[in-house]
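Below is one structure, written out as structure tokens, with a few remarks after it.
In the numbering used here, the protein residues as written are 731 to 848.
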């Protein structure tokens with residue numbers, strides 16, 4: 731068929747939010763080594779225009795909402811020139827400890843993410 735499978739968009743979203751965290755000066759590894767996890771509790775994608783295998787695209791990721799216990803990331807996939815919107819998406823994450831009990835982000839991590847809320 732040549733069209734990118736719908737599941738792949740969520741992989742791209744994951745790569746994008748990982749990069750946003752890196753730009754904030756933290757990594758998922760650092761969060762997990764601190765004993766915390768960002769568990770996906772909701773994920774959605776709206777497919778607007780198909781992408782074919784090997785198509786180039788631009789992924790825009792923003793931190794839509796941030797609280798000590800919850801993060802919401804928003805995603806937009808555009809053509810390289812920004813004229814065509816291919817997909818939009820959102821993931822909701824809760825913060826848990828090693829036992830998957832609800833927890834709060836450590837203050838230093840929370841402070842690094844705060845400037846990225848839009």
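Here a beta-carbon is modelled for each residue, glycine too, at the ideal position from N, C-alpha and C.
Note that this is a predicted model, so its numbers are computed, not measured.
- Residue environment for residue 786: exposed (fewer than 16 other C-beta atoms within 10 angstroms of its C-beta).
- Considered as a whole, the stretch 778-805 harbours 788-796 as its complete beta strand (DSSP E) runs of no fewer than 3 residues, in chain order.
- 7 Å or more divides the Cβ of residue 819 from the Cβ of residue 783.
- A straight-line Cα-Cα distance of about 5 Å links residue 777 and residue 817.
- By the CB criterion at 7 Å, residue 798 and residue 840 fall inside the cutoff.
- Where residue 815 is concerned, the enclosing beta strand (DSSP E) starts and stops at 815-827.
- Excluding its 5 nearest sequence neighbours in each direction, residue 835 has C-beta neighbours in its own chain below 7 Å: 766, 798 and 825, listed in chain order.
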